[in-house]
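Notes for the one structure printed next.
In our numbering, the protein residues as written are 107 to 229.
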């Protein structure tokens, strides 16, 4: 199966390909980890609507996602999240040293979110 472009038909196979969680033994465990994308999206949506930023919770979700999906996390984030969330995601990825150095792909032309950047510098 080719993964040049993630869509509804192939994103789960892509996620399974990159999934590596030694403590996961069931499909339910995998799906629970996949829900982290939804939780992250919800937190980012709340931030854009209300200005309430749950910095530590967002960082925790991103760290867990990178721990279990590795380099497959960024393509999955780009598939699961709308472009309005990209500045926030890029800012968090740079903070976590997870932003790709050679090619940022879709995020290359995206500006950082200054408010998030300021919050992260305080940590």
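The C-beta atom is built at its ideal place from N, Cα and C for all residues, glycine as well. Bear in mind the structure is a predicted one, so any value in this text is a computation, not a measurement.
Out of 112, 180, 151 and 212, which has the shortest C-alpha to C-alpha gap to residue 203? Locating residue 203 in the chain shown gives position 97, counting from the first residue. Checked all of 112, 180, 151 and 212; the closest Cα to residue 203 is 180.
Spatial neighbours of residue 196 within its chain, please: C-beta separation below 7 Å, excluding the five flanking residues on both sides. In the chain shown, the residue the question calls residue 196 occupies position 90. If we look at residue 196 and ignore the five residues flanking it on each side, its Cβ neighbours are 205, 213, 216 and 218.
Helix, strand or coil for residue 225, going by three-state DSSP, please let me know. For the purposes of this step, residue 225 is taken as residue 119 along the chain shown, with counting starting at 1. The DSSP-derived three-state label of residue 225 is helix.
With distances taken Cα to Cα, identify the nearest neighbour of residue 227 among 207, 211, 198 and 125. To locate residue 227, count along the chain shown from 1; it is residue 121. Minimum Cα distance to residue 227 is reached at 198.
Straight-line CA distance for residue 129 to residue 140? Numbered from 1 along the chain shown, position 23 holds the residue referred to as residue 129. Numbered from 1 along the chain shown, position 34 holds the residue referred to as residue 140. If I take the Cα positions, the gap works out to 15 Å.
Which runs of the alpha helix (DSSP H) fall wholly inside the region 157–186 and span at least 4 residues, in chain order? The qualifying runs are 161–175 and 179–186.
Going by DSSP, what residue range makes up the alpha helix (DSSP H) through residue 132? Start at 1 with the first residue of the chain shown, and residue 132 comes out as number 26. Per DSSP, residue 132 lies in no alpha helix (DSSP H) segment and is marked neither H nor E.
Any 3 or more C-beta pairs closer than 8 Å across the region 158–166 and the region 117–135: Output reads no: the region 117–135 does not touch the region 158–166.
To which residues of the same chain is residue 174 closer than 8 Å at the C-beta, ignoring the five residues directly before and after it? Taking the first residue of the chain shown as position 1, residue 174 is located at position 68. Around residue 174, the same chain offers 125, 126, 127, 130 and 139 as residues with beta carbons nearer than 8 Å, after the five sequence neighbours per side are excluded.
Candidates 109, 171 and 151: closest to residue 135 by CA position: Counting from 1 along the chain shown, the entry for residue 135 is found at position 29. When each option's Cα is compared against that of residue 135, the closest is 171.
Using three-state DSSP, classify residue 118 as helix, strand or coil. In the chain shown, residue 118 corresponds to position 12, counting from 1. Assignment of residue 118 by DSSP, reduced to helix, strand and coil, places it in the helix class.
How many angstroms separate the CA atom of residue 114 from the CA atom of residue 182? Numbered from 1 along the chain shown, position 8 holds the residue referred to as residue 114. Numbered from 1 along the chain shown, position 76 holds the residue referred to as residue 182. Between residue 114 and residue 182, the C-alpha separation is close to 11 Å.
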